[in-house]
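Protein chains in written order, with my numbering: chain W, 82 to 270; chain C, 443 to 719.
Inspection log for the structure reproduced underneath, given as structure tokens.
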Amino acid sequence: MKILSILVVDDDPVIRRLLEHRLKTEHYAVQVAEDGYAAENLLRTQFFDVVLTDLMMPGDIGGIEVLEIAKEINDKTEVILITAHSSVDTAVKAMQKGANDYLEKPLNFDELFLRLDKIANIQTILKNAQDLEHAMTTTESAASATIQSLEIQVANLRDSLDTVENILRNDELVDGDRVADALNVIAES
Amino acid sequence: MIKIAPNELKIIAQYIHDVSGIFLDQNKAYLFETRLSSIAEANSCTSYQELHNKAKRDASKKIEKAIVDAISTNETLFFRDKGPFELLQHKILPEVIDNRSGRPGLKPKIRIWSAASSTGQELYSIAIVLKTLLGDTNAYSLSLLGTDISDTAITQASYGKYNKFEIERGLDRKYLQKYFTLFGNSWKIKDEIRAMVNFKKLNLMQPFTVLGKFDIIFCRNVAIYFTLEDRKKLFNKLAASLENDGYLIIGSTESLTGVCPLFIPKRHLRSIFYQKK
């Protein structure tokens with residue numbers, strides 16, 4: 082399965098370090114940002130499979146804004162929000178804006194890893210589907226060129242056969258001419 | 443997942459052929475299991491024999507519909523293969539319009555049929571080509587029909603709403619912006635295109651002379667699921683439903699050699715179409 086690249090955005094240094102440590106232990110490729118501005122800078126320079134962001138952060142760029150920026154830069158990036166229990170309504174609104182999921186504080190790491198597994202699975206399936214589609218298109222275009230050219234060749238041969246039959250059945254010609262004409266048609270086909 | 447027994451394979455394969463014409467290889471048990479197991483479970487059946495019995499007794503045909511939906515392949519995309527649509531735009535439509543424009547005062551009548559329209563992408567692609575080529579479609583009497591064996595596919599086609607994965611496959615940006623409206627996370631075909639087309643359910647194994655005659659028939663990538671014998675029957679019937687100067691387009695990897703001698707293949711650039719002899 083694919084190793085997901087994850088950007089953790091949280092203004093609390095303790096949670097940030099904890100998340101970074103736990104995710105790295107699980108072999109994810111992790112980077113951290115201490116606020117929305119730092120997150121935006123990172124998102125603009127590299128692609129992340131997942132952004133894990135706190136909903137409430139100081140400054141003009143909160144979790145919702147991080148979500149919007151991430152989706153605008155690349156809508157293939159999945160965003161998971163971390164919320165306090167009291168802000169579930171906001172989290173639901175975020176899902177309508179394209180967030181993948183939300184997790185309530187205090188964080189349950191097993192739950193987080195399950196969500197990440199799900200995202201990795203879907204991305205793997207999507208990649209397989211795209212690979213299959215590419216393989217199918219390639220096979221199909223090669224096969225169709227062959228089949229279509231055979232189709233025309235068969236029709237032309239059928240045509241020549243009909244002409245030969247007409248010549249051979251033509252009583253107005255002497256046998257020698259019939260054979261000569263027929264051989265001509267065959268030679269040209 | 444419920445396992446299928448060897449004796450059930452034969453019964454179910456025959457049943458599927460009877461209701462849909464689709465031929466399923468009895469050596470591929472997994473095909474039956476992956477597609478039908480959840481239907482069996484949903485109808486509290488513990489075997490496929492039981493599902494078969496229930497489906498046959500079910501007057502509402504709900505189970506039969508679910509089975510046909512599960513078995514039929516809805517693989518389709520906008521402007522699939524490109525070639526046929528270029529053929530339509532640059533060769534076939536100009537010729538049909540020419541042939542049908544003889545009588546002054548009468549709108550040229552053009553009838554097009556997408557015989558296995560799935561979720562509608564093919565017929566909408568045809569409609570978009572027509573709109574692009576003709577501009578004012580009111581100067582013509584157009585009839586665009588899409589048929590499919592799957593009720594679910596027909597419902598989706600009629601609705602004309604596609605998610606971003608369906609849209610991303612094959613549709614040019616310029617057409618997306620011109621002929622679709624963003625609707626939540628999905629795109630909906632605009633009324634001006636939607637109004638040009640009609641969809642209805644049809645099993646190609648049944649007689650279809652009632653549909654009348656067509657100038658252009660698209661029958662792509664559906665006969666591949668039929669036996670040779672059924673393919674022969676189908677293309678003979680299609681020949682009867684096609685005007686004498688009409689055009690037939692089949693899938694790019696399909697062939698009518700040994701299937702239907704009534705048609706002859708013709709080449710235009712990199713595509714092939716068929717006309718009656």
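All C-beta atoms in this analysis are idealised placements derived from N, C-alpha and C, irrespective of residue type, glycine included.
Would you kindly report the start and end of the unbroken beta strand (DSSP E) that includes residue 748 of chain C? Because chain C is modelled from 443 through 719, residue 748 of chain C falls outside the range shown and cannot be assessed.
Please report the residue range of the beta strand (DSSP E) in which residue 710 of chain C lies. According to the DSSP assignment, residue 710 of chain C belongs to the beta strand (DSSP E) that extends over 705-710.
Within 8 Å, do at least three Cβ pairs link the segment 665-674 of chain C to the segment 474-492 of chain C? The segment 474-492 of chain C, when compared against the segment 665-674 of chain C, does not touch it at the 8 Å Cβ threshold.
Can the beta-carbon of residue 663 of chain C be found closer than 8 Å to that of residue 628 of chain C? No, the pair does not count as a contact, with Cβ atoms beyond the cut-off.
Please report the distance separating the alpha-carbon of residue 719 of chain C from that of residue 538 of chain C. Using only the alpha carbons, I get a separation of about 17 Å.
Would you say residue 229 of chain W reaches chain C, if we count a Cβ-Cβ gap shorter than 8 Å as a contact? Closer than 8 Å to some Cβ of chain C, the Cβ of residue 229 of chain W qualifies, so yes.
Would you check if the distance between the CB atom of residue 135 of chain W and the CB atom of residue 90 of chain W is smaller than 8 Å? Less than 8 Å separates the beta-carbon of residue 135 of chain W from that of residue 90 of chain W.
Assigned secondary structure, residue 604 of chain C (DSSP; H/G/I helix, E/B strand, else coil): Residue 604 of chain C sits in a strand when the DSSP states are folded into three classes.
Throw me the rounded Cβ distance for the residue 613 of chain C and residue 568 of chain C pair, which I believe falls under 8 Å. Under the criterion of beta carbons closer than 8 Å, residue 613 of chain C and residue 568 of chain C do not qualify as touching, at roughly 13 Å.
So, does the CB of residue 153 of chain W fall closer than 8 Å to a CB anywhere in chain C? So no, residue 153 of chain W is outside the interface.
For residue 117 of chain W, count the other beta carbons within 10 Å of its own beta carbon; 16 or more makes it buried, fewer makes it exposed. Which is it? The residue is buried, with at least 16 neighbouring Cβ atoms inside 10 Å.
Of the residues W:197, W:179, W:220 and W:248, the one placed nearest residue 626 of chain C, counting alpha carbons only: In terms of CA proximity to residue 626 of chain C, W:179 leads the group W:197, W:179, W:220 and W:248.
Identify the contact partners of residue 707 of chain C in chain W, using a Cβ-Cβ distance below 7 Å as the criterion. Listed along chain W are 232, 233 and 236, each with a C-beta nearer than 7 Å to that of residue 707 of chain C.
Interface flag, residue 699 of chain C vs chain W, CB-CB below 8 Å: Any Cβ of chain W closer than 8 Å to the Cβ of residue 699 of chain C would place that residue at the interface, and such an atom is present.
Run of the alpha helix (DSSP H) containing residue 121 of chain W, from where it starts to where it stops: Residues 117-126.
May I have the straight-line CA-CA distance separating residue 92 of chain W from residue 204 of chain W, to the nearest angstrom? Approximately 29 Å between the Cα atoms of the pair.
Of the residues C:620, C:515 and C:500, which one's Cα is nearest the Cα of residue 635 of chain C? Nearest C-alpha to residue 635 of chain C: C:620.
When you compare the segment 643-651 of chain C with the segment 541-549 of chain C, are there three or more beta-carbon pairs, one atom per stretch, that lie closer than 8 Å? No, because fewer than three Cβ pairs between the segment 643-651 of chain C and the segment 541-549 of chain C fall closer than 8 Å, the two stretches do not touch.
Given a limit of 7 Å on CB to CB distance, which residues of the segment 234-265 of chain W reach chain C? The residues in question are 235 and 236.
Name, going along the chain, the residues of the segment 681-696 of chain C whose beta-carbon falls closer than 9 Å to a beta-carbon of chain W. Near chain W, meaning a CB-to-CB distance below 9 Å, the residues of the segment 681-696 of chain C are 693, 694, 695 and 696.
Look at residue 159 of chain W and residue 191 of chain W and say whether their C-beta atoms are less than 8 Å apart. With contacts defined by Cβ atoms closer than 8 Å, residue 159 of chain W and residue 191 of chain W do not form a contacting pair.
Take residue 700 of chain C and list the residues in its own chain whose beta-carbon comes closer than 6 Å to its own, dropping the five residues that flank it on each side. There are no such residues.
Where residue 654 of chain C sits in the DSSP three-state scheme: In this structure, residue 654 of chain C counts as coil in the three-state DSSP scheme.
Which word fits residue 95 of chain W, buried or exposed, when buried means at least 16 other C-beta atoms lie within 10 angstroms of its C-beta? Exposed, because fewer than 16 other Cβ atoms sit within 10 Å of the Cβ of residue 95 of chain W.
Taking just the CA atoms, how far does residue 685 of chain C sit from residue 622 of chain C? Whole-angstrom Cα-Cα distance: 33 Å.
Sort out for me which residues DSSP pairs residue 702 of chain C with in a bridge. According to DSSP, which records beta bridges pairwise, residue 702 of chain C is partnered with nothing at all.
Check whether chain C comes within 8 Å of residue 221 of chain W, counting only Cβ atoms and requiring the distance to be less than that. Look at residue 221 of chain W: its C-beta is under 8 Å from a C-beta on chain C.
Tell me whether residue 468 of chain C sits in a helix, a strand or coil according to DSSP, three-state version. Residue 468 of chain C: coil per DSSP, three-state reduction.
Determine the burial state of residue 472 of chain C: buried for a count of at least 16 other Cβ atoms within 10 Å of its Cβ, exposed for fewer. Residue 472 of chain C is exposed by the Cβ-count criterion.
Taking only beta-carbon atoms, is residue 225 of chain W less than 8 Å away from chain C? The C-beta of residue 225 of chain W comes closer than 8 Å to at least one C-beta of chain C.
Where the alpha helix (DSSP H) through residue 192 of chain W begins and ends: For residue 192 of chain W, the uninterrupted alpha helix (DSSP H) segment begins and ends at 190-250.
My assumption, with CB atoms under 8 Å, is that residue 556 of chain C sits in contact with residue 660 of chain C. Please give the rounded CB distance. With a Cβ gap of about 5 Å, residue 556 of chain C and residue 660 of chain C count as contacting.
Same chain, Cβ closer than 8 Å to residue 497 of chain C, five either side skipped, listed in chain order: Spatial neighbours of residue 497 of chain C in its own chain (CB-CB distance under 8 Å, excluding positions within 5 residues in sequence) are listed in chain order as 457, 505, 506 and 509.
Strictly by DSSP, which residues pair up with residue 135 of chain W? According to DSSP, which records beta bridges pairwise, residue 135 of chain W is partnered with W:163.
For my contact list, residue 591 of chain C and residue 462 of chain C are in at a C-beta cut-off of 8 Å; report their separation, rounded to the angstrom. Right, the Cβ-Cβ distance comes to about 6 Å (below 8 Å), so this counts as a contact.
Chain-ordered residues of the segment 535-561 of chain C with a beta carbon less than 7 Å from chain W: Result list empty, no residue passes.
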